[in-house]
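Data first, discussion second: the structure below is written as C-alpha cells.
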Amino acid sequence: MESAAGALRNHRLDSLTGARFVAAGLVFLCHIATGGLFAAGSGAADGLMTATKTAGTIGVSFFFVLSGFVLTWSARPGETYGSMLRRRLVKILPNHVVTFALAMVVYAAAATPLGTAVLNLLLLQSWSSDPAVFLSVNGASWSLSCELLFYALFPVLLPLIGRIRAARLWWWAAGVAAAVMVLPLVASVLLPQSPAFPAVGSWLDGVSIERLWFVYVFPLTRLLEFVLGMLMARVVLSGRWIGLSSAWAALLTTVAYVVGIYTPMLFTVAAVTVVPLALFTAALAATDAGGGRTVLAGPVTRRLGEASFAFYLVHGIVLAYAGEQVAGAGRALTTLESVFVSLLALAVSLGLALAMYHWIETPAMRHWGRSWRRAAAAPSDSAAVPKPSPGRADESASPRA
41 MESAAGALRN HRLDSLTGAR FVAAGLVFLC HIATGGLFAA GSGAADGLMT
91 ATKTAGTIGV SFFFVLSGFV LTWSARPGET YGSMLRRRLV KILPNHVVTF
141 ALAMVVYAAA ATPLGTAVLN LLLLQSWSSD PAVFLSVNGA SWSLSCELLF
191 YALFPVLLPL IGRIRAARLW WWAAGVAAAV MVLPLVASVL LPQSPAFPAV
241 GSWLDGVSIE RLWFVYVFPL TRLLEFVLGM LMARVVLSGR WIGLSSAWAA
291 LLTTVAYVVG IYTPMLFTVA AVTVVPLALF TAALAATDAG GGRTVLAGPV
341 TRRLGEASFA FYLVHGIVLA YAGEQVAGAG RALTTLESVF VSLLALAVSL
391 GLALAMYHWI ETPAMRHWGR SWRRAAAAPS DSAAVPKPSP GRADESASPR
441 A
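Residue numbers for the sequence shown follow the numbering used here, so the first one is 41 and each next one is one higher.
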C-alpha cells in the first residue's frame with residue numbers, strides 16, 4: 041500500500057491547481073457584489089448580490105480543505121517541524137507583507153490603529169471577533185491567520201491521522217464534516233444575536249457578528265475543514281476512494297452552491313458546501329493521480345492557479361481603490377460602466393498577481409523554501425514530521441484560502 045501511495049504522489053495535481061483560480065475568482069465576484077461598483081438598488085446590483093451569496097464562502101472553504109489535502113499528499117518523510125513551517129511561511133509571508141504595505145498606502149493607513157495594523161501584519165487578526173480587526177488593512181488576509189494555525193498544528197495532526205486505519209477513514213471524515221455542519225447551531229445557542237451587522241442590502245444584514253465570526257473567521261472552527269482535507273488525502277492515498285468522477289463531484293458542488301443562496305448565512309458559510317467540496321477535491325486529485333485529465337488541468341488554468349494566491353491577496357485592494365474612484369465620481373455608474381470597471385479591476389488584479397508570482401513568490405520559494413534537507417539536519421529542529429513520501433503535488437494551497 042505504501043508503494044501504491046508513493047506512485048500516486050508522483051503525479052502532478054494540475055486540476056487542483058487550476059481549481060484554485062476558480063475559487064479565487066468566486067471570491068472576486070463576491071467582492072464585486074459588495075464593492076459598490078454597481079448602483080445600489082439597481083436590478084444588476086440586487087441580482088449580483090443574490091447570485092454571489094455563496095461565492096466567497098465556498099471559495100474560502102475550498103482553500104481550507106485543499107490546504108489540508110495538499111499538505112498531507114506532499115508531506116516529506118523525516119522533515120523537521122522547523123523546516124516544514126519555514127517552507128509554508130516563505131510561501132505566504134512575502135506576498136502578505138507586500139499587499140499589507142500596498143493596502144496601507146492606498147487606503148488603510150489613516151484609518152487603522154497601530155495595534156490593529158500590528159495584529160494584521162502578524163496574521164493574528166482572526167482571533168479577534170471585532171470586524172474592524174479581522175477585516176483590517178487587507179481584508180482578505182484574515183484567512184491567512186487561519187492558515188497560520190493550520191501550519192503550526194499540521195506536524196502534530198499528521199501522525200495522529202496517519203494512525204487511523206484505512207477502513208475507518210470515511211467514518212472519521214463523516215464525523216469531521218458533521219462537526220462543521222452543526223457549528224451554526226452551536227453558534228446560535230452559545231453566542232448572542234446582537235450586535236448584528238447593519239442593514240445595507242447584503243447577505244450579512246442582521247447577522248450576529250459574533251456568530252458569523254465563530255463559524256467563518258475563528259481559526260479553531262475553520263481547522264475542521266483543514267482536517268477534513270487531510271482525511272480525504274488519506275482516503276485517496278489508501279485506495280479507499282469511491283470512484284466518484286470529477287464531473288459528478290462538480291455537479292454536487294454546484295447544487296450546494298445554489299442551495300447556499302437560500303439558506304441562512306451561518307449555514308452558507310460551510311455547512312451546506314463542505315461535503316461536496318471535500319468530494320470535489322478528492323475527485324480531482326484521484327483523476328489526476330490516475331492519469332486522467334480535467335478541463336482545469338490545462339496550461340492556462342494551471343498558470344492562473346499558480347498565481348491565485350497573489351490574486352486573492354491583491355484583488356481586494358484593487359477593488360477598494362476602484363470603489364473609492366466610483367464613489368468620488370459624484371454619480372452612480374450605469375450597468376455597462378460598472379461591468380467595464382469590474383473587468384478593468386479583474387485585468388489589473390490579474391496583472392499584479394502574475395507579477396507578484398513571478399517576481400516575489402517564486403524567487404522567495406526558490407531561495408528560502410527548498411533547503412529542507414539542510415534544515416532537517418539542524419540539531420535545533422527536534423520535532424520531525426513523519427511520513428509520507430515526497431510527491432509532485434502543488435503545495436501552494438493557500439488562497440492561499
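Each residue gets a CB set at the ideal place from its N, CA and C atoms; glycine is no exception.
Because the structure is a prediction, the values reported are computed rather than measured.
If you draw a straight line from the Cα of L284 to the Cα of H51, it comes to about 19 Å.
Membership of Y297 in the alpha helix (DSSP H) is indicated by the continuous run S286 to Y302. For H51, no alpha helix (DSSP H) encloses it, and the DSSP letter there is neither H nor E. DSSP places Q233 outside any alpha helix (DSSP H), giving it a letter other than H or E.
The residue from N135, G99, G65 and P171 with its alpha-carbon nearest to that of T293 is G99.
Here V295 is exposed, its C-beta having fewer than 16 other C-beta atoms within 10 Å.
Scanning its chain for C-beta atoms nearer than 6 Å, with the 5 sequence neighbours on each side dropped, one finds around A84 the residues F78 and T375, in chain order. Under the three-state reduction of DSSP output, S101 falls in the helix class.
Contact between F307 and W253 does not hold, since the beta-carbon distance rounds to 15 Å and is not under 8 Å. Under the DSSP definition of a beta bridge, S248 partners with A236.
Annotation for L197: V267 and M270 place their beta carbon closer than 7 Å to its own, counting only its chain and skipping 5 residues before and after. Sorting V354, T92, F109 and A207 by C-alpha distance to the C-alpha of S278 places A207 at the top. Per DSSP, reduced to three states, the secondary structure at T120 is strand. Between V309 and V255, the gap from beta carbon to beta carbon is short of 8 Å.
When secondary structure is reduced to three states using DSSP, T308 falls in the helix class. By the Cβ criterion, the stretch 95-111 is in contact with the stretch 184-203, since at least three pairs of Cβ atoms, one from each stretch, lie closer than 8 Å. When the five nearest sequence neighbours on each side are left out, the beta carbons in the same chain lying within less than 6 Å of the beta carbon of T156 are those of V173 and S176, in order along the chain.
A337 is not a Cβ neighbour of A393, given a cutoff of 8 Å. The stretch 139-154 makes no contact with the stretch 233-247, as fewer than three CB pairs between them are under 8 Å. In the three-state reduction of the DSSP assignment, I204 falls in the coil class, being assigned neither a helical nor a strand state. Judged by pairs of C-beta atoms under 8 Å, the stretch 57-64 touches the stretch 339-348, as three or more such pairs exist. With a contact defined as Cβ atoms closer than 8 Å, A385 and L359 qualify at about 6 Å. Assignment of R333 by DSSP, reduced to helix, strand and coil, places it in the coil class. Distances from the CA of A287 to each of A326, G300, W211 and M272 were compared; the closest alpha carbon is that of A326. Classified as exposed, Y302 has fewer than 16 neighbouring CB atoms from the shown chains inside 10 Å of its CB. Annotation: A219 to A318 spans about 14 Å, alpha carbon to alpha carbon. A direct Cα-Cα distance of roughly 27 Å separates S123 from A141. Per DSSP, reduced to three states, the secondary structure at N178 is coil, with no helix or strand assignment. Each residue's CA atom was taken as its position, placing I204 and E265 some 18 Å apart. Here E401 is not near P117, since their CB atoms are 8 Å or more apart. With contacts defined as CB atoms closer than 8 Å, S242 and T74 qualify as a contacting pair. For the options A362, S348, G363 and P316, the alpha carbon positioned closest to that of M396 is the one of S348. The residue from V130, T120, L56 and R126 with its alpha-carbon nearest to that of F103 is L56. Setting aside the 5 residues that flank it on each side, Q165 is surrounded in the same chain by L159, V173, F174, S176, W182 and S185, each with a C-beta closer than 7 Å to its C-beta; the list follows chain order.
For P153, the secondary structure class from DSSP, reduced to helix, strand or coil, is coil.
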